[in-house]
Amino acid sequence: YVTAKLKDGLDALDVLASTFPAGTVSGAPKVRAMQMIAELEKQPRGPYAGSIGWIGLDPGRVDLDTGITIRSLWIRDGMLSWQAGAGIVYDSDPAREWKECQNKARVLAEVLASKEGGDVFTY
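Taking this note's numbering, the leading residue of the sequence shown gets 14, the next gets one more, and so forth.
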């Protein structure tokens with residue numbers, strides 16, 4: 014857990030806003046990386062690489078618990094979607110990163126195709 018004392022004038026929404034985007038997903042420097050993502054990717058990421066969680070607003074206390082929406086499925090307008098990505102860094106091997114993306118996406122496809130309800134990692 015991370016705890017902190019808020020500066021005067023800040024509230025739970027300021028805390029939440031300061032956590033976006035996750036640097037592990039956007040890259041660094043964050044602002045320029047986000048601009049490049051918007052320029053290069055053909056469609057918005059939607060919920061992918063966003064966050065899901067809750068905020069507790071008890072008097073005198075703010076609780077925030079979130080998780081990055083990777084390896085997640087969502088339905089919009091009757092269409093089921095999921096996305097996968099990999100972290101590209103200076104010494105990344107493009108072929109290995111592409112394989113990582115395929116593996117991440119494949120796991121979700123296997124979960125959807127499963128009729129047994131077993132652990133997908135045992136396949």
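Beta carbons are placed, not taken as given, at the ideal position from N, Cα and C, and that holds for glycine.
Everything numeric in this text was worked out from a predicted model, so none of it was measured.
Where does the unbroken alpha helix (DSSP H) through residue i begin, and where does it stop?
i, result
"residue 89", "Taken as a continuous stretch (DSSP letters only), residue 89 belongs to no alpha helix (DSSP H), being part of the beta strand (DSSP E) at 87 to 89."
"residue 29", "25 to 31"
"residue 119", "107 to 126"
"residue 101", "Neither: residue 101 is in no alpha helix (DSSP H) and is coded neither H nor E."
Going by alpha carbons, who is nearest to residue i out of the options?
i, options, result
"residue 19", "46, 36, 73", "73"
"residue 76", "68, 82, 83", "68"
"residue 31", "50, 48, 79, 114", "79"
"residue 98", "88, 112, 89", "112"
"residue 47", "17, 34, 115", "34"
"residue 121", "100, 102, 58, 85", "85"
"residue 137", "44, 40, 88", "The requested residue 137 is not part of the displayed model; the chain covers only 14 to 136."
Mind checking residue i: buried by the 16 CB within 10 Å criterion, or exposed?
i, result
"residue 38", "buried"
"residue 62", "buried"
"residue 82", "buried"
"residue 23", "exposed"
Any heavy atom of the ligand SAM within a distance shorter than 7 angstroms of the CB on residue i?
i, result
"residue 86", "For the structure depicted, the ligand SAM is absent and the ligand set is empty, with no information on it obtainable."
With DSSP as the reference, identify every bridge partner of residue i, one or two as the case may be.
i, result
"residue 79", "66"
"residue 93", "88"
Contact the segment 120 to 128 vs the segment 83 to 96: 3+ CB pairs below 8 angstroms:
Contact between the segment 120 to 128 and the segment 83 to 96 is present: three or more C-beta pairs spanning the two stretches fall below 8 angstroms.
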